[in-house]
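Undergrad:
Numbering (mature numbering (1 follows the signal peptide of the UniProt record, and there is no 0)), first residue to last: -27 to -1, 1 to 244.
This is the structure we're talking about:
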């Protein structure tokens, strides 16, 4: 998503400390050069076959929800908020979308998983990339990347649930590693709706993908809710479990907020 301001990046850095801790036809990162050494699948006389290299997986996590605002979408009152996804894993989130021709609107996604020996392996997924034109985006989005919903405090019925697709991109460097996805080369297939047959996106380990409150889709409708009141707001990354990662235990973030006719305030993180 769009690069965050210095203030937003500072907030992200503080947040990560508290919780302790993209897109061309190029091939996946960190592949090794050919060598004269025998491959793991080749047997060498007098020696045992090598064990296959282990996966170096990403770990997508939701950072605490921030910057809640009351707003309108048409005539409907909505709750807007920021969401930030960090890759806490030792390996990158790396995906490639492909299609056979431009008559097919969706690109089928393969996940490129980094291995300990520096090579990669491809994994088929049910994910797709789709070209989006709303709000001036004009590039391919990884569909159903996040889900947002809310419920009254103490209630069990969720409302306003919807999923959002985003362009995976390195916005903020919180881990100190250089980006694998330079924006000069990874632009999510911008303005290539009728051209791109392959689009690659990713999130480097230690980097954050920022989704600001004012972006299209960054809201939940308040229709039918009794206001004033306290509400639990929840955001989840990869709700359909489309990608392989270290753990899903940190894929959800929530916040308890107080909503009145004129303002919204955070009561606490987690609900």
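Yeah, the Cβ is synthetic: ideal placement off N, Cα and C, and Gly gets one too.
1. Quick check on the DSSP output: the beta strand (DSSP E) that includes residue 223 runs from which residue to which?
2. Pop quiz: residue 134 and residue 180 are said to be a contact at Cβ under 8 Å. What is the actual Cβ separation, rounded to whole angstroms?
3. Following the continuous beta strand (DSSP E) through residue 70, name the residue where it begins and the one where it ends.
4. State the start and end residues of the unbroken beta strand (DSSP E) segment that holds residue 182.
5. Taking the alpha-carbon of residue 205 as reference, which of 36, 140, 131 has the nearest alpha-carbon?
6. Would you say residue 166 faces chain C, with C-beta separation under 8 Å as the test?
7. Please return the same chain residues whose Cβ sits closer than 6 Å to the Cβ of residue 113, not counting the five positions on each side in sequence.
8. Quick one: grab the DSSP three-state call for residue 118.
9. For residue 192, which beta-bridge partners are listed by DSSP?
10. Output the residue ranges of the beta strand (DSSP E) runs that lie fully inside the region 90 to 167 and measure 3 residues or longer, sorted by chain position.
11. Examine the Cβ distances between the region 120 to 127 and the region 207 to 214 and report whether three or more of them are shorter than 8 Å.
12. Assess contact between the region 217 to 231 and the region 189 to 198, defined as three or more Cβ pairs (one per stretch) separated by less than 8 Å. Is contact present?
TA: Let me lay it out:
1. First-last for residue 223: undefined, no H or E at that position.
2. Not confirmed; about 28 Å, so no contact.
3. 66 to 71
4. 180 to 184
5. 131
6. Structure shown: chain C not included; a single protein chain is present.
7. 102, 104, 161, 162, 172
8. strand
9. 53
10. 93 to 105, 112 to 125, 132 to 139
11. yes
12. no
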